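Worksheet: one structure, shown below.
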Ligand SMILES: Nc1ncnc2c1ncn2[C@@H]1O[C@H](COP(=O)(O)OP(=O)(O)O)[C@@H](O)[C@H]1O
Ligand SMILES: [Mg+2]
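Chains as they are written, first to last, in UniProt numbering: chain A, 1 to 359; chain B, 1 to 313.
See below:
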């Protein structure tokens, strides 16, 4: 909801991908009769990879797609640069229909506008770090001097200065994925597609790479689709998160929306273990000021600690520790709401009814 | 056909004669009839082989020996170079005529292998890319490798006549399959995610072929080349039956005269040549980085020269 005002850089409209020889017939049958995944498998011997996925990503936004392995994330992201043809639906990049592009236009799009990072790095073992990083420039016929310049900038950006003449197998896994990242940003693309880029790495290294990525991202403002099977990573990195299950996007929303208003039991199970402290805002747990007044009548808000609606639970806890009063929520100078101790505790627990409970 | 014999259900084969040999013998007539048409092509290849042989014979043995040792050093390192040097010296002292005979054989082998590469590499790439082509060519390759050489010796001679060109053709028939097979295997063995990455960064199909697939398949392709060279060498005795000169011919003649000594000399010459070519091509197959340096021009005699030039400049 926060992104609708932004210009959509990537827009996917009703993407379906059915794998198999009879995918067309399966697709027709699905549209007419609405078959389930199992029925499609049994009747047409086809696998449904993606089922009617629609979403758009605004300029500069980081859009996370989260789901368990086999849920169709890799299949979906490969539609954006048309490494996979959809069975139905289309993809638009900055208003241009990717599925209507000629082979030449598509190559130009891939080389200049889209950078991609892969879970298994997919570096070319016979090329040095530098030649890997500027591969997309080389295939466009850009001259050596320019390539050297661009490679240096990209390699410096991922903290690999001095490693440009090494071969991938001389680098650790984390460093290899830094090369992958450098290769993706080298051509200064508009869009980054990241397919579980850090999943194969050790937790500590993963954390370092997340940090590098977020610093880069803050600096470069690339429109990013980021795939992960780790909800913590999605929450840490994403502006918005889409939850994917069996090829279907079951919910799309901000991290706070996903955590506080899970669309179904599946999402609820996922978010159950997530700490709400840095996600949930005062606006979500507060009781409207008028309602509080009506129920409690007395009390002088002058001595109460004051918070803003967008303050996170963590900040509210700090405020609540020094006082016995409830917390007053003010926006633009007006009293908009009250967070009682009870509502705060319920909010930390992640109970939806936090604000509605009578103090 | 076999009208006189009564048909027996338990042994139908001896009473039915489809006359396969009589019909296929027509290939000989066809070959003889088309001799004229083939002559210009034959002339071209004959010239090529003669020129290669003349070049090899023109170089004084000691200079050729040094050249081969340098190539071995560059391709496979110092130890192989020493082995190659020892082998070549032994070859030279085997018999006063051995060196010259070996060069003749080498010329035939080189011609055959060049043609094998020209034919086999594209076929192998195609087979690596297309399952249908692979399925179609596989039985052909099996046939080429298993059919006894004597079967195609006659039609080839009828069509082209005895001599070097026929020798090269029968050698190719036998030596080509491993190159096609291993090229296909090498292309199929390339990590698909690397190819996908190349596609994702905007490479054309040709660029994917030459910048990703072929370089990554090179070690396997070179293993195929090594096999092809070895099989070419193993054909030299059979090729000498259709009047190809060289070491093979020595063995054949010695056999005719039951001259064990001469046969051993010719045979050893072939073995030594095989060892030399095998070690050099195997060295090519292993990447330079596996032997601890990054680029081929940083090692071996070239590395030495480059180092000297850089050291001065
Ligand atoms: N080329 C293909 N042919 C057939 N089925 C495929 C193909 N690629 C993916 N699938 C199937 O589609 C589903 C989604 O796969 P994928 O997109 O790789 O999932 P994820 O990336 O979320 O782990 C899986 O069931 C997988 O088996
Ligand atoms: Mg995946």
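Ideal Cβ positions, reconstructed from N, Cα and C, are used throughout, including at glycine.
Predicted, not measured: the structure shown is a model, and the values here were computed from it.
When 300(B), 104(B), 252(B) and 204(B) are compared against residue 102(A), the one with the closest alpha-carbon:
Taking residue 102(A) as reference, the option from 300(B), 104(B), 252(B) and 204(B) with the minimal CA-CA separation is 204(B).
Since residue 336(B) sits in a beta bridge, which residues does DSSP pair it with?
Because chain B spans 1 through 313 in this model, residue 336(B) falls outside it and cannot be assessed.
Per DSSP, what kind of secondary structure is residue 42(B) in: helix, strand or coil?
Three-state result, residue 42(B): helix.
Between residue 166(B) and the rest of its own chain, which residues show a CB-CB distance below 7 Å, the 5 nearest in sequence each way excluded?
156, 157, 160 and 242.
Below 8 Å, can you find three or more Cβ-Cβ pairs linking the segment 211-230 of chain B to the segment 276-283 of chain B?
Put simply, the segment 211-230 of chain B touches the segment 276-283 of chain B. At least three CB pairs are less than 8 Å apart.
Step through the CB atoms of chain A and report whether any lies within less than 7 Å of the CB of residue 193(B).
Interface residue (Cβ-Cβ distance to chain A less than 7 Å): residue 193(B) is classified as such.
Can you list the residues of chain A that residue 215(B) reaches, using a CB-CB cut of under 7 Å?
Residues of chain A whose Cβ lies closer than 7 Å to the Cβ of residue 215(B) are, in chain order, 126.
At a threshold of 6 Å, does residue 74(A) count as lining ligand 2 (C-beta to nearest heavy atom)?
Result yes, Cβ under 6 Å from ligand 2.
If I measure Cβ to Cβ from residue 427(A) and keep anything under 7 Å in the same chain, skipping five residues before and after, which residues do I get?
An answer regarding residue 427(A) cannot be provided, because it is not within the stretch 1 to 359 covered by chain A.
Quick one: Cα of residue 7(B) to Cα of residue 16(B), how far?
Going by the C-alpha atoms only, they are around 8 Å apart.
Between residue 47(A) and ligand 1, is the CB less than 6 Å from at least one heavy atom?
Distances between the C-beta of residue 47(A) and the heavy atoms of ligand 1 include at least one below 6 Å.
Is there a C-beta anywhere in chain A that falls below 7 Å from the one on residue 282(B)?
No, residue 282(B) does not count as interfacial toward chain A.
Run through the DSSP bridge pairs and tell me what residue 251(A) is partnered with.
For residue 251(A), DSSP records a beta bridge to 243(A).
Between residue 19(A) and ligand 1, is the CB less than 6 Å from at least one heavy atom?
The answer is yes for residue 19(A).
Which term fits residue 124(B), buried or exposed, when burial requires 16 or more other beta carbons within 10 angstroms of its beta carbon?
Under this definition residue 124(B) is a buried residue.
Since residue 250(A) and residue 267(A) are thought to touch, with beta carbons under 8 Å apart, how far apart are those beta carbons, to the nearest angstrom?
At roughly 6 Å, the Cβ-Cβ gap stays under 8 Å, so residue 250(A) and residue 267(A) are in contact.
Could you tell me whether any Cβ in chain A is nearer than 7 Å to the Cβ of residue 127(B)?
Residue 127(B) does not count as touching chain A.
Does the beta carbon of residue 135(A) sit closer than 7 Å to a beta carbon anywhere in chain B?
It does: the Cβ of residue 135(A) has a partner Cβ on chain B nearer than 7 Å.
Using the C-alpha atoms, what's the distance from residue 22(B) back to residue 39(A)?
Their backbone Cα atoms lie some 60 Å apart in a straight line.
Looking at residue 70(A) and ligand 1, is the gap between the Cβ and the nearest heavy atom below 6 Å?
True, at least one ligand heavy atom lies under 6 Å from that Cβ.
Would residue 210(B) pass as an interface residue toward chain A - the criterion being a Cβ-Cβ separation below 7 Å?
Residue-level contact by beta carbon fails for residue 210(B) and chain A, as no gap is shorter than 7 Å.
If you compare alpha carbons, which of 211(B), 110(B), 90(B) and 68(B) is closest to residue 45(B)?
Ranked by how close their Cα comes to the Cα of residue 45(B), the residues 211(B), 110(B), 90(B) and 68(B) have 110(B) in first place.
Since residue 65(B) and residue 247(B) are thought to touch, with beta carbons under 8 Å apart, how far apart are those beta carbons, to the nearest angstrom?
Rounded, the Cβ-Cβ distance is 17 Å, inconsistent with contact.
Same chain only: Cβ atoms within 7 Å of residue 281(A), ignoring 5 sequence neighbours per side
The beta carbon of residue 281(A) sits closer than 7 Å to the beta carbons of 256, 309, 310, 311 and 312 from its chain, once the five residues preceding and following it are set aside; these are given in chain order.
Residue environment, residue 34(B), which counts as buried when at least 16 other CB atoms sit within 10 Å
The Cβ neighbour count for residue 34(B), taken over all protein chains shown within 10 Å, is under 16; the residue is labelled exposed.
Cβ contact check for the segment 288-304 of chain A and the segment 319-326 of chain A: 3 or more pairs under 8 Å
Contact between the segment 288-304 of chain A and the segment 319-326 of chain A is present, because at least three Cβ pairs lie under 8 Å.
Tell me residue 201(A)'s beta-bridge partners as DSSP assigns them.
In DSSP, residue 201(A) forms no bridge with anything.
Of the listed residues 259(B), 150(B), 73(B) and 173(B), nearest to residue 277(B) (C-alpha basis)
Minimum Cα distance to residue 277(B) is reached at 73(B).
Quick check on DSSP: helix, strand or coil for residue 112(B)?
Helix, per DSSP.
What does residue 116(A) touch in chain B if you count any residue whose Cβ is under 8 Å from its own?
Listed along the chain, the chain B residues whose CB falls inside 8 Å of the CB of residue 116(A) are 197, 200 and 201.
Min CB distance residue 207(B) to chain A below 7 Å:
The beta carbon of residue 207(B) sits closer than 7 Å to some beta carbon of chain A.
What residue does the beta strand (DSSP E) around residue 8(A) start on, and which one ends it?
In this chain, the beta strand (DSSP E) harbouring residue 8(A) covers 8-19.
Does any residue of chain B have a CB that is nearer than 7 Å to the CB of residue 122(A)?
Yes, residue 122(A) counts as interfacial toward chain B.
How far does the alpha helix (DSSP H) with residue 249(B) in it extend, from its first residue to its last?
Residue range 247-256 is occupied by the alpha helix (DSSP H) that includes residue 249(B).
Could you tell me whether the segment 47-61 of chain A touches the segment 233-253 of chain A, using the rule of 3 or more Cβ pairs below 8 Å?
Three or more Cβ pairs drawn from the segment 47-61 of chain A and the segment 233-253 of chain A lie within less than 8 Å of each other, which places the two stretches in contact.
Mind checking residue 339(A): buried by the 16 CB within 10 Å criterion, or exposed?
Counting Cβ neighbours within 10 Å, residue 339(A) comes out buried, since at least 16 surround it.
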